[in-house]
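Just so we're aligned, residue 1 is where the sequence shown starts under my numbering, counting upward by one.
We treat Cβ as the ideally placed atom computed from N, Cα and C, and that holds for glycine.
Source: prediction; values computed, not measured.
Here's the structure, in structure tokens; my notes come after.
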Amino acid sequence: IGIIDIVENRVVGMKSRGVYETPGGTILTEAHKQLEELTLDRDTMEYKKLVGTKFAALVYEGKWFCTLRESLSAFVAKTEERVTGHVKMK
Numbered sequence: 001i002g003i004i005d006i007v008e009n010r011v012v013g014m015k016s017r018g019v020y021e022t023p024g025g026t027i028l029t030e031a032h033k034q035l036e037e038l039t040l041d042r043d044t045m046e047y048k049k050l051v052g053t054k055f056a057a058l059v060y061e062g063k064w065f066c067t068l069r070e071s072l073s074a075f076v077a078k079t080e081e082r083v084t085g086h087v088k089m090k
């Protein structure tokens, strides 16, 4: 659980292979996704995937303090207001 083997595009244009071990992160991400599927509508879920991809790219590129990242964070905060509950993983 949680071993990811990917080829990444670095900021400078080089390709790099990365192997990451994130068992806890994988489990938490899946549990959160299950809560989102129960509490968010389909359109919001679809748009949130796009926002997540752009958010990750901005952070990876070191643009944490840009206006777009702040705006995307506000969107995520609003959509997460109703995402609460307990998930039991087996």
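Original post:
Which whole-angstrom value describes the C-beta separation of Ser4 and Ile27, a residue pair presumed to lie in contact below a C-beta threshold of 8 Å?
Top reply: A small correction: the amino acid at residue 4 is Ile; Ser does not occupy that position in the sequence shown. Going by Cβ atoms, the distance from Ile4 to Ile27 rounds to 13 Å, so no, they are not a contact pair.
**OP:** May I have the straight-line CA-CA distance separating Val83 from Leu35, to the nearest angstrom?
**Re:** Cα to Cα, Val83 sits roughly 6 Å from Leu35.
Original post:
Is it true that the stretch 70-81 meets the stretch 35-55, where meeting means three or more beta-carbon pairs spaced less than 8 Å apart?
Top reply: Counting Cβ pairs under 8 Å, three or more are found: they touch.
Original post:
Within 8 Å (strictly less), CB to CB, does Thr84 reach chain D?
Top reply: In the structure shown, chain D cannot be found, because there is only a single protein chain.
**OP:** Below 6 Å CB to CB, which residues in the same chain sit around Ile6 once its five sequence neighbours on both sides are set aside?
**Re:** Scanning its chain for C-beta atoms nearer than 6 Å, with the 5 sequence neighbours on each side dropped, one finds around Ile6 the residues Gly18, in chain order.
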